[in-house]
Each structure stands twice: as structure tokens, then as C-alpha cells.
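Shown next, in C-alpha cells, is the structure this report addresses.
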Amino acid sequence: MNTHVSIEPEALSVPQACALAGIGRTKLYEAITAGSLKARKLGKRTLILRDDLRQFLAALPTAA
Numbered sequence: 001m002n003t004h005v006s007i008e009p010e011a012l013s014v015p016q017a018c019a020l021a022g023i024g025r026t027k028l029y030e031a032i033t034a035g036s037l038k039a040r041k042l043g044k045r046t047l048i049l050r051d052d053l054r055q056f057l058a059a060l061p062t063a064a
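Numbering (the working numbering), first residue to last: 1 to 64.
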């Protein structure tokens, strides 16, 4: 019996958010600066909540 439980972090680092979203660091920071993606600070670390990343991606315009 496998009792190993995988726990996904609720907050993502910038590199994790970039990898998960499939976008580059520059575009991610541009979205934060523009206010279209919420980010949190913990000391020097910039964190993005999974829900905020999902909302940002869902709000992107659809391709023509």
C-alpha cells in the first residue's frame, strides 16, 4: 500500500509560475507591473498564488 501523499504548494515562486504557465520571466513581471497578475511578497521572495495564476491565464484574450 502506497501512503505517499503529494502536496502541491499553494504559492509559486516566479520560476515555478513561469514553468507552469509556459511564459517567460519578463512577461510574468510585466503582468505583475500592469496589475493583471497579483503577486505577494514574503521578504525578498515574490510569490504567486495558484488561483491568481489561473485567473490571469483565463483572462487572456482568445486567439483569433
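C-beta: ideal position from N, C-alpha, C; glycine also.
In this text, all values refer to a predicted model and were calculated from it rather than measured experimentally.
Checklist entry - From Phe56 to Leu37, what does the alpha carbon distance come to, in whole angstroms? => result As a first step, residue 56 is located in the sequence shown; it is residue number 56 there, counting from the start. As a first step, residue 37 is located in the sequence shown; it is residue number 37 there, counting from the start. Taking the straight line joining both Cα atoms gives about 6 Å.
Next on the checklist: Spatial neighbours of Leu49 within its chain, please: C-beta separation below 8 Å, excluding the five flanking residues on both sides.
Outcome noted: Within the sequence shown, numbered from 1, the residue matching residue 49 stands at position 49. Answer for Leu49: Glu10, Ala11, Leu12, Lys38 and Arg40, listed in chain order.
Next on the checklist: Just to confirm the assignment, what range does the beta strand (DSSP E) spanning Leu57 have?
Outcome noted: One-based indexing of the sequence shown puts residue 57 at position 57. Taken as a continuous stretch (DSSP letters only), Leu57 belongs to no beta strand (DSSP E), being part of the alpha helix (DSSP H) at Arg50 to Ala59.
Item to check | Length of the line joining the Cα atoms of Ala21 and Lys44 | outcome: Walking along the sequence shown from the start, residue 21 turns up at place 21. Walking along the sequence shown from the start, residue 44 turns up at place 44. Rounded to whole angstroms, Ala21 and Lys44 show a C-alpha spacing of 22 Å.
Next on the checklist: Less than 8 Å between C-beta atoms, sequence neighbours within five positions excluded: which residues of the same chain meet that for Ala17?
Outcome noted: Counting from one through the sequence shown, the residue named residue 17 turns up at place 17. The beta carbon of Ala17 is closer than 8 Å to those of Leu28, Ile48 and Leu53 in its chain, skipping five residues each way along the sequence.
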